[in-house]
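Asker:
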Amino acid sequence: MSEMLKEWLSPWLPFLAPLAALAGVVLVRRGHARHDEPQPWLDAALASLTLVPLAVVIAWPVVFTPARAALAAGLSIALLAHDPRDLPQTEVALKIMWVLVAAFALSWAGDALLALASGSARAREQWPALALALDPYSLWSAALSLSLLVGLVLLGGAPFHFWPGDLFHGARAHLAPFVAVTLQLAGAAWLLRHLDGITAFPGAVQLVRSLLTLAASVALAGGAATLGYQSRPERRVGALVSLQGGLVLASLAAAPTHEPFAAHGGLSAWAGHLLLAATGASLLSRFLPAAGGPAERAAVLFRRHPWSGAAGGYALLSLAGAPGTPGMQLWLDVARTLADNRHPGLLFGVALAWLAAFGVSANEIRRAFGAPDGSPAPGRVVPRSLRAALWTTCGSLTVLLWAWRGGH
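Here the sequence shown is numbered in the numbering used here, starting from 469 and rising by one per residue.
1) Identify the continuous alpha helix (DSSP H) that holds D528 and give its terminal residues.
2) In terms of alpha-carbon separation, which member of A626, Q557, L720 and L484 lies closest to L815?
3) Does P534 pass the burial test, meaning 16 or more other C-beta atoms within 10 Å, or should it be called exposed?
4) Mark P604 as exposed unless 16 or more other C-beta atoms lie within 10 angstroms of its C-beta, in which case mark it buried.
5) Give me the Cα-Cα distance between V496 and H642, rounded to the nearest whole angstrom.
6) Just the C-alpha distance for R810 and L514, rounded to the nearest angstrom, thanks.
7) Considering just the uninterrupted stretch of the alpha helix (DSSP H) at I666, what are its terminal residues?
8) Might you give, ordered along the chain, the residues of its own chain that have their beta carbon closer than 8 Å to the beta carbon of L743, omitting 5 neighbours on each side?
9) Just checking, does the region 667 to 675 make contact with the region 789 to 804 on the three C-beta pairs under 8 Å criterion?
10) The ligand SAH heavy atoms versus the CB of Q594: any closer than 7 Å?
11) Exposed or buried, W658, counting other C-beta atoms within 10 Å across all chains shown (16 or more means buried)?
12) Helix, strand or coil: how does DSSP classify A763 here?
13) Under the rule that 16 or more other beta-carbon atoms within 10 Å means buried, what is E505, buried or exposed?
14) Tell me which residues share the same chain as V878 and place their Cβ nearer than 7 Å to its Cβ, disregarding the 5 neighbours each side in the sequence.
15) Restricting to runs no shorter than 4 residues, where is the alpha helix (DSSP H) found entirely within the region 845 to 870?
16) Quick check: the Cα distance between A556 and S736, rounded to an integer number of angstroms?
17) Count the other C-beta atoms from every protein chain shown that fall within 10 angstroms of the C-beta of Y898, then say buried if there are 16 or more, exposed otherwise.
18) Return yes when the Cβ of A626 is within less than 8 Å of the Cβ of S710, no when it is not.
19) Secondary structure at G792, three-state DSSP: helix, strand or coil?
20) Go ahead and pull the three-state DSSP assignment for S609.
21) When you compare each of F755, G748 and A807 to A779 by their alpha carbons, which one comes out closest?
22) Give me the Cα-Cα distance between F483 and G655, rounded to the nearest whole angstrom.
23) If you draw a straight line from the C-alpha of T681 to the C-alpha of G713, how long is it?
24) So is D551 buried or exposed if we call it buried at 16+ other beta carbons inside 10 Å?
25) Over what stretch of residues does the alpha helix (DSSP H) that includes G671 continue unbroken?
26) Out of W528, V621 and E832, state which residue places its alpha-carbon closest to the alpha-carbon of K563.
27) Can you tell me which of the three DSSP states L614 falls into?
28) As a quick exercise: from P529, V618, A788 and D664, pick the residue whose alpha carbon is nearest that of A589.
29) Express the C-alpha separation of L481 and L869 in angstroms, rounding to a whole number.
30) Look up N831 in the DSSP assignment and say whether it is helix, strand or coil.
31) For A830, which of A807, A583 and L785 has the nearest alpha-carbon?
32) Less than 8 Å between the C-beta atoms of D511 and A501, yes or no?
33) Contact check, S615 vs S575 under 8 Å by CB: the rounded distance?
34) Who are the near neighbours of A611 in its chain, counting only those whose CB is closer than 6 Å to its CB and skipping five residues on each side?
35) By the DSSP assignment, the alpha helix (DSSP H) with D579 in it spans what residues?
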């Protein structure tokens with residue numbers, strides 16, 4: 469019975485995470501509604517509908533082409549900047565916009581140089597032409613490096629890890645995860661599209677391996693080093709999200725022509741898990757203390773509703789790849805890919821990044837539960853819709869874990 473259920477559920481797994489996240493958007497937006505809003509549930513439903521295009525590309529990343537990646541990035545920025553009264557969110561949109569405009573301009577310049585050198589704008593047709601060695605190495609190597617730049621920026625790994633931190637700190641809790649996952653998925657798809665058929669040119673393969681190994685090393689080491697120094701819980705969630713970009717880079721460095729996380733459903737499964745985990749962790753971070761000592765009193769959520777707090781903690785731990793979570797399956801997938809392709813240096817970097825991510829996440833949850841002081845529970849309660857959103861993400865992550873363990 470269990471195996472039959474898993475076989476029936478398997479084709480629907482890519483849609484589970486976006487649908488559950490959209491339901492979470494409705495609940496979170498309702499919980500954060502202002503008292504003067506006449507129809508809070510209707511406003512929450514409309515906010516969810518505006519994110520449906522992003523949910524579609526997350527569930528079906530094959531639609532990403534380089535042009536559509538730019539379109540998705542523009543749509544994400546427009547969603548962030550749609551309300552000029554929300555100054556922090558608008559500021560985040562402006563920061564991301566000027567970085568992406570520069571990155572896209574440089575990558576499109578690299579694409580143009582590659583097309584000029586090879587005589588074709590199609591990646592699969594460029595490599596056999598470049599392999600004839602009719603053009604100088606400096607021309608096509610510089611063009612190739614530039615063409616991959618925007619993919620690295622969109623993935624959000626160090627040194628570009630500032631934008632996930634700014635996004636989760638400045639944007640609303642229901643919007644930040646969708647924007648982050650869309651941009652990172654666009655970055656991964658951009659790199660895969662540009663590396664299509666690259667095995668026809670061994671020299672380009674060697675260059676790409678070197679570039680991606682360097683990028684992955686910086687992303688993992690930089691992310692792990694700065695994770696514990698983030699000033700706010702929201703920024704720590706953003707740092708954990710940026711480490712996910714480092715995992716994609718590590719997987720591509722080991723196997724540039726293979727889709728990362730193929731054993732668990734590919735990029736759609738990775739993006740779905742990231743969306744659920746980031747949604748739960750982003751909402752939980754709004755209840756976590758910014759700083760405090762060892763005897764700090766527990767947060768309101770954990771004092772009044774400890775089980776709901778634990779459900780949010782599960783999403784945070786899954787984002788960090790803790791044992792017993794679906795996130796751990798993805799970290800192990802990257803580790804196996806690196807081991808199979810004999811990348812001990814990157815494998816060591818993944819291990820260090822995992823230790824840092826798990827340590828910071830566990831410490832966040834410890835501080836959230838606080839130290840017992842015998843005082844009565846606070847009188848105010850956490851809105852029921854926000855607690856339901858935490859349980860929605862936790863339940864969906866549990867289904868993912870069950871499905872992945874059953875199939876692998």
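We put the beta carbon where it would ideally sit given N, CA and C, even for glycine.
Answerer: Checking against the coordinates, here is how it stands:
1) Taking the first residue of the sequence shown as position 1, residue 528 is located at position 60. According to the sequence shown, residue 528 is Trp rather than Asp. W528: not part of any alpha helix (DSSP H); DSSP gives it neither H nor E.
2) In the sequence shown, counting from the first residue as 1, residue 815 sits at position 347. It is L720 whose Cα lies nearest to the Cα of L815.
3) Here the question's residue 534 lines up with position 66 in the sequence shown. Sixteen is the threshold: when 16 or more other Cβ atoms of the shown chains lie within 10 Å of the Cβ of P534, as they do, the residue is buried.
4) Position 136 of the sequence shown, counted from the first residue, corresponds to residue 604. A residue is called buried when at least 16 other Cβ atoms come within 10 angstroms of its Cβ; P604 does not meet this threshold and is exposed.
5) On the sequence shown, residue 496 is found 28 positions in, with the first residue counted as 1. On the sequence shown, residue 642 is found 174 positions in, with the first residue counted as 1. Straight-line Cα distance between these residues: approximately 6 Å.
6) Numbered from its first residue, the sequence shown carries residue 810 at position 342. Numbered from its first residue, the sequence shown carries residue 514 at position 46. Taking the straight line joining both Cα atoms gives about 49 Å.
7) Start at 1 with the first residue of the sequence shown, and residue 666 comes out as number 198. Going by DSSP, I666 is part of no alpha helix (DSSP H) at all; its letter is neither H nor E.
8) Residue mapping note: residue 743 aligns to position 275 of the sequence shown, counting from 1. Same-chain partners within the cutoff: A485, P486, A489, I526, P645, F646 and V649.
9) Touching, no.
10) Among the components modelled here there is no ligand, and therefore nothing to report on the ligand SAH.
11) Here residue 658 refers to the residue found at position 190 when the sequence shown is read from its first residue. With 16 or more Cβ atoms within 10 Å of its Cβ, W658 is classed as buried.
12) On the sequence shown, residue 763 is found 295 positions in, with the first residue counted as 1. Residue placement at A763 is poorly supported in this model, since its pLDDT is 46, which falls under 50; the coordinates still yield a value, given next. A763: coil per DSSP, three-state reduction.
13) Counting from one through the sequence shown, the residue named residue 505 turns up at place 37. Exposed is the call here.
14) Because the chain here runs from 469 to 876, residue 878 falls outside it and cannot be looked at.
15) Whole alpha helix (DSSP H) segments, 4+ residues: zero.
16) By one-based count along the sequence shown, residue 556 stands at place 88. By one-based count along the sequence shown, residue 736 stands at place 268. In the sequence under discussion, the amino acid at residue 556 is Pro, which differs from the Ala named in the question. Our two residues, P556 and S736, have alpha carbons roughly 30 Å apart in a direct line.
17) Because the chain here runs from 469 to 876, residue 898 falls outside it and cannot be looked at.
18) Taking the first residue of the sequence shown as position 1, residue 710 is located at position 242. Taking the first residue of the sequence shown as position 1, residue 626 is located at position 158. Yes, the pair counts as a contact, with Cβ atoms nearer than the cut-off.
19) Taking the sequence shown and counting its residues from 1, one reaches residue 792 at position 324. Coil.
20) Locating residue 609 in the sequence shown gives position 141, counting from the first residue. If DSSP states are grouped into helix, strand and coil, S609 belongs with the helices.
21) Numbered from 1 along the sequence shown, position 311 holds the residue referred to as residue 779. The shortest Cα separation from A779 among F755, G748 and A807 belongs to G748.
22) What you label residue 483 is simply residue 15 of the sequence shown in a count that begins at 1. What you label residue 655 is simply residue 187 of the sequence shown in a count that begins at 1. Whole-angstrom Cα-Cα distance: 21 Å.
23) Within the sequence shown, the letter at position 213 stands for residue 681. Within the sequence shown, the letter at position 245 stands for residue 713. In this model, T681 and G713 are separated by some 13 Å (Cα to Cα).
24) Taking the sequence shown and counting its residues from 1, the one referred to as residue 551 is at position 83. By the neighbour-count rule (16 or more Cβ atoms within 10 Å), D551 is not buried but exposed.
25) As a working note, residue 671 is residue 203 in the sequence shown. First-last of the alpha helix (DSSP H) with G671: P670 to L695.
26) On the sequence shown, residue 563 is found 95 positions in, with the first residue counted as 1. The candidate whose alpha carbon is nearest that of K563 is V621.
27) Locating residue 614 in the sequence shown gives position 146, counting from the first residue. DSSP, reduced to helix, strand and coil, places L614 within a helical segment of the structure shown.
28) Here residue 589 refers to the residue found at position 121 of the sequence shown. By alpha-carbon distance to A589, the top candidate from P529, V618, A788 and D664 is D664.
29) The count along the sequence shown starts at 1 and reaches residue 869 at position 401. The count along the sequence shown starts at 1 and reaches residue 481 at position 13. Each residue's Cα considered, the two are about 11 Å apart.
30) In the sequence shown, the residue the question calls residue 831 occupies position 363. Per DSSP, reduced to three states, the secondary structure at N831 is helical.
31) Against the sequence shown, residue 830 aligns to sequence position 362. Among A807, A583 and L785, the Cα nearest to that of A830 is on L785.
32) The residue labelled residue 511 in the question sits at position 43 within the sequence shown. The residue labelled residue 501 in the question sits at position 33 within the sequence shown. In contact: D511 and A501 (Cβ atoms closer than 8 Å).
33) Here residue 615 refers to the residue found at position 147 of the sequence shown. Here residue 575 refers to the residue found at position 107 of the sequence shown. Contact check for S615 and S575: beta-carbon distance about 5 Å, within the 8 Å limit, so the pair qualifies.
34) One-based indexing of the sequence shown puts residue 611 at position 143. Excluding five sequence positions before and after A611, the CB atoms of its chain that fall closer than 6 Å to its own CB belong to G578, L581 and L582, given in chain order.
35) For this step, residue 579 is matched to residue 111 along the sequence shown. In the DSSP annotation of this structure, the continuous segment of the alpha helix (DSSP H) that includes D579 starts and ends at L555 to S586.
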